[in-house]
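Asks: Numbered continuously in this note's numbering, the sequence shown closes out at residue 300.
Backbone N, C-alpha and C fix where the C-beta goes; we use that ideal spot for every residue, glycine too.
I have a structure here, written as structure tokens, and I will follow up with some questions on it.
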Amino acid sequence: MIPPIANNFVAGETAPGALDHVASLNDDGVKGILNLLGEHYDERQPADEDADQYIELVKEIDRSGLDCAISVKPSQIGLDVGDDVFVENLERIVAAGDDHGVFVWVDMEDYTTTDVTLDAYERLVTDHEGGVGVCTQANLKRTPEDLERLAPLPGKVRLVKGAYSEPESVSYKKKERVNEAYRDCLELMFEEFDGGIGVGSHDPAMIDYAKDLHDEYGTDYEVQMLMGVRDDAQRDLAAEGVPMWQYIPYGDKWFSYFYRRVRERKENALFAVRAVLS
Numbered sequence: 023m024i025p026p027i028a029n030n031f032v033a034g035e036t037a038p039g040a041l042d043h044v045a046s047l048n049d050d051g052v053k054g055i056l057n058l059l060g061e062h063y064d065e066r067q068p069a070d071e072d073a074d075q076y077i078e079l080v081k082e083i084d085r086s087g088l089d090c091a092i093s094v095k096p097s098q099i100g101l102d103v104g105d106d107v108f109v110e111n112l113e114r115i116v117a118a119g120d121d122h123g124v125f126v127w128v129d130m131e132d133y134t135t136t137d138v139t140l141d142a143y144e145r146l147v148t149d150h151e152g153g154v155g156v157c158t159q160a161n162l163k164r165t166p167e168d169l170e171r172l173a174p175l176p177g178k179v180r181l182v183k184g185a186y187s188e189p190e191s192v193s194y195k196k197k198e199r200v201n202e203a204y205r206d207c208l209e210l211m212f213e214e215f216d217g218g219i220g221v222g223s224h225d226p227a228m229i230d231y232a233k234d235l236h237d238e239y240g241t242d243y244e245v246q247m248l249m250g251v252r253d254d255a256q257r258d259l260a261a262e263g264v265p266m267w268q269y270i271p272y273g274d275k276w277f278s279y280f281y282r283r284v285r286e287r288k289e290n291a292l293f294a295v296r297a298v299l300s
């Protein structure tokens, strides 16, 4: 069962295959965010190697002319080895993105990585005057304060509900409370940000709420969804003129990607099953 499920959610094992997928999306007005699968390296060599692959990917995106960004995980480019390794590799990737006109997103992992990730993002987005985005998670109780900090910066911020099973001391656990937090964070962003809001959600209610907030505040935003989830809705939103981005994992580490996602939270497994069946 794993390979056919993976085909729904992973755009092949190579960069050319992933770029072909982006090209087909662009034909439908949907833009791509490519993520090379890999995370939690505890040695520097694989972290450096993946950073090198991202730099080559940036060059290929530039040559292709596709409407495409990249997204990197801190633990993939060295955070578990050391903060300095992560920052050094991220600096290299962002510099390449700046040189080639390719936007770089920084994913957010579990709550223990939030501070170092936001610190690196704040410095790089300021040094490069944009061109970088970061993910925040509504289920973390600290996120409204983080958004206040990020509001004046020139980059983009993606808001997701949060997929990690975090301690109750730092996160909301009930689905209803997470939804409430997501709405509150969205309104804060539309009210205080000048633009650059990434609505990272497959929830139709949250996407509709973002449209209402845009009508009220006039703040620019985009919607981001995973490959293989509500693909028809992604095309429909793009046709309506909503900037629509699809987050696209690729690479030969697809098995560990799915295994880890399923183990993290039971909701992840149910979500994948629903997405395939629908």
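1) Kindly confirm or deny that the region 203-212 and the region 132-144 touch, where touching means at least three C-beta pairs closer than 8 Å.
2) Sorted by chain position, which residues of the same chain lie with C-beta nearer than 6 Å to Lys53's C-beta, five sequence neighbours on each side aside?
3) Could you tell me if Gln67 is buried or exposed, where buried requires 16 or more neighbouring beta carbons within 10 angstroms of its beta carbon?
4) Please go through the region 153-208 and give each complete alpha helix (DSSP H) segment of 4 or more residues, from N-terminal end onward.
5) Ala261: buried (16+ other C-beta within 10 angstroms of its C-beta) or exposed?
6) Rounded to whole angstroms, what's the CA-CA distance from Gly184 to Arg114? Just pull it up for me.
7) Leaving out five residues on either side along the sequence, give the residues of the same chain with a beta carbon under 6 Å from the beta carbon of Gly263.
8) Contact defined as beta carbons within less than 8 Å: I believe Tyr231 pairs with Arg199. What is the distance between those atoms, to the nearest angstrom?
9) Express the C-alpha separation of Pro176 and Ile219 in angstroms, rounding to a whole number.
10) What's the call for Thr158, buried or exposed, on a 16-neighbour Cβ count within 10 Å?
11) Lys81 lies in the alpha helix (DSSP H); which residues open and close that run?
12) Candidates Thr165, Tyr133, Asp106: which alpha carbon is nearest Pro189's?
13) Classify Glu110 as helix, strand or coil using the three-state DSSP reduction.
14) Residues in the same chain with beta-carbon distance under 6 Å from Val138, minus the five sequence neighbours each way, listed in chain order, please.
15) Nearest to Asn161 by alpha carbon, out of Glu167, Lys195, Thr136?
16) Starting from Gln246, follow its DSSP beta bridges and name the residues at the other end.
17) Could you pull out every residue in the same chain whose Cβ sits closer than 6 Å to the Cβ of Gln98, ignoring the five residues on either side in sequence?
18) Val138 lies in the alpha helix (DSSP H); which residues open and close that run?
19) Please list the terminal residues of the continuous alpha helix (DSSP H) segment that includes Leu259.
20) Just grab the DSSP bridge partners of Pro128 for me.
21) Let me confirm a value: Lys197 is counted as buried when at least 16 other C-beta atoms fall within 10 Å, else exposed. Which label applies?
22) Mapping DSSP to helix, strand and coil, what is Gly54?
23) Since Leu41 and Ser93 should fall inside the 8 Å C-beta cutoff, what is the C-beta to C-beta distance between them, to a whole number of angstroms?
24) May I ask which residues mark the beginning and end of the alpha helix (DSSP H) holding His43?
25) If you draw a straight line from the C-alpha of Val156 to the C-alpha of Lys95, how long is it?
26) Tell me the DSSP secondary structure of Tyr63 in three-state form.
27) Tell me whether Arg171 is buried or exposed, calling it buried when 16 or more other Cβ atoms sit within 10 Å of its Cβ.
Replies: Checking against the coordinates, here is how it stands:
1) The region 203-212 makes no contact with the region 132-144: fewer than 3 CB pairs, one atom from each, lie closer than 8 Å.
2) Only Asp89, Trp267 meet the Cβ criterion.
3) Gln67 is exposed by the Cβ-count criterion.
4) Uninterrupted alpha helix (DSSP H) stretches at least 4 residues long and entirely within the region 153-208 occur at 165-172, given in chain order.
5) Taking all protein chains in view, the Cβ of Ala261 is surrounded by fewer than 16 other Cβ atoms within 10 Å, so the residue is classified as exposed.
6) Approximately 27 Å, taken between the alpha carbons.
7) Excluding positions up to five away in sequence, the list is empty.
8) At roughly 16 Å, the Cβ-Cβ gap does not stay under 8 Å, so Tyr231 and Arg199 are not in contact.
9) Between Ile219 and Pro176, the C-alpha separation is close to 11 Å.
10) Buried is the call here.
11) Note, Lys81: alpha helix (DSSP H), 66-86.
12) Minimum Cα distance to Pro189 is reached at Tyr133.
13) Of the three classes helix, strand and coil, the one that applies to Glu110 here is helix, per DSSP.
14) Counting only residues of its own chain and dropping the five nearest sequence neighbours on each side, Val138 has a CB closer than 6 Å to the CB of Asp105.
15) Measuring from the Cα of Asn161, the nearest candidate turns out to be Lys195.
16) BP columns for Gln246 point to Gly222, Trp267.
17) In its chain, beyond the 5 residues on either side, Gly60, Glu61, Asp72 have a beta carbon closer than 6 Å to the beta carbon of Gln98.
18) Looking at the DSSP string, the run of the alpha helix (DSSP H) that includes Val138 is 136-149.
19) Membership of Leu259 in the alpha helix (DSSP H) is indicated by the continuous run 253-261.
20) Per the sequence shown, residue 128 should be read as Val rather than Pro. The partner list for Val128 (beta bridge, DSSP) reads Val94, Val156.
21) Lys197 should be labelled exposed.
22) Gly54 falls in the strand class under three-state DSSP.
23) Incorrect: roughly 15 Å between the Cβ atoms, too far for contact.
24) Start and end: 37-49.
25) Whole-angstrom Cα-Cα distance: 10 Å.
26) In the structure shown, the three-state DSSP call for Tyr63 is coil.
27) So Arg171 ends up on the exposed side.
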